[in-house]
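Colleague: This is the structure I want to talk about, given as structure tokens.
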Amino acid sequence: MSVNTTAEFGQHASVEPLLVDCLIVVLNVICGEVVGLLGIAANAVSIVVFCKLGFHDSVDVTLTALAISDIGSLASLQFYNVMINPWLSSVQPPFEISDAILLLSLYPHIYFIRVSGLITAFAALERCVCVVLPLKVHDIFSFSFIVCLLPLCATLTAVGVVKELSQNGAYYQVARLSYCISFLMETVSSSMNAFIYFNMSSKYKNTLKKFFLKA
């Protein structure tokens, strides 16, 4: 296949930038922000519940640390969702948007995601060495954490291997769309643990109900 044929194929195979912009607004700027705000609130409630339960159980300590890390991850994604708004480029802020995203969103997000991964791995190890567990949620949130990270890992690997997925490549819009979906899935992953605890732990559910009844 000639170079011209490859370039022509790339132009036809790529996604329209306007369509990608619309999807980013819907998936990240709207859905991502709403889910992220709900996730931050849910994780904050989880921290309060675990504090009410006390930290006599190592599981409660582990899940509290995971909730704190998830809040950090969601907060960094909230900033990312705002900064990648396609309409923001027309405003021309007095700073480089890409530098702000790297410094205030991506770097902190990577840190919190790694911390969450470490805590999840510790929780899995804890399940292996414990004879009796008060919660049965470790397998669920460990699986969901891995599944929700797979799209981003696959996207980063593909961008590193396929040059056409770079910013100046023919498939750059495909990479943008992949990032959009990946970060939305990470937002969902960091927001869902509190709902899993509520559905599967009677101790968590009863403490949460008492907390809201007193409030």
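Using full-length UniProt numbering, count along the sequence shown one by one with no gaps and you end on 215.
A virtual CB, placed ideally from N, CA and C, is assigned to each residue, including glycine.
On a predicted model such as this, the values are computed, not experimentally measured, just so you know.
Taking only the alpha-carbon atoms, compute the straight-line gap between Phe212 and Thr120 and give it to the nearest angstrom.
Modeller: Cα-Cα distance, rounded: 28 angstroms.
Colleague: Below 8 angstroms, is the gap between the Cβ of Thr62 and the nearest heavy atom of the ligand ATP?
Modeller: Here there are no bound small molecules, and the ligand ATP is not part of this structure.
Colleague: Starting from the N-terminal side, write out each stretch of the alpha helix (DSSP H) that is 4 residues or longer and does not extend beyond the region 5-60.
Modeller: Counting whole runs of 4 or more residues, the region 5-60 contains the alpha helix (DSSP H) stretches 17-24 and 33-53.
Colleague: If we ignore side chains and look at the alpha-carbon of each, how far apart do Val15 and Asp21 end up?
Modeller: Approximately 10 angstroms between the Cα atoms of the pair.
Colleague: To the nearest angstrom, how far is it from the Cα of Ser76 to the Cα of Leu63?
Modeller: Approximately 20 angstroms, taken between the alpha carbons.
Colleague: Please name the residue, chosen from Tyr179, Tyr171, Glu164 and Phe112, that lies closest to Leu152 on a Cα-to-Cα basis.
Modeller: Comparing Cα positions, the closest option is Tyr179.
Colleague: For Ser191, which of helix, strand or coil comes out of DSSP?
Modeller: Of the three classes helix, strand and coil, the one that applies to Ser191 here is helix, per DSSP.
Colleague: In whole angstroms, what separates the C-alpha of Ser201 from that of Leu104?
Modeller: About 35 angstroms.
Colleague: In whole angstroms, what separates the C-alpha of His109 from that of Phe95?
Modeller: Whole-angstrom Cα-Cα distance: 20 angstroms.
Colleague: In chain order, what residues of the same chain have a beta carbon less than 7 angstroms from the beta carbon of Thr5, not counting five sequence neighbours either side?
Modeller: Here the model assigns Thr5 a pLDDT of 44, short of 50, so the residue's position is not dependable and the matter cannot be decided.
Colleague: Taking the alpha-carbon positions, what's the Ile101 to Ile24 distance?
Modeller: Rounded to whole angstroms, Ile101 to Ile24 spans 16 angstroms at the Cα level.
Colleague: What number of angstroms, rounded off, separates the C-alpha of Ser189 from the C-alpha of Gln92?
Modeller: Answer to the nearest angstrom: the Cα atoms are 33 angstroms apart.
Colleague: By a C-beta neighbour count over all protein chains shown, 10 Å radius and 16 as the cutoff for buried, is Gln154 buried or exposed?
Modeller: Strictly speaking, residue 154 in this sequence is Ala, with Gln absent from that position. With fewer than 16 other Cβ atoms within 10 Å, it is exposed.
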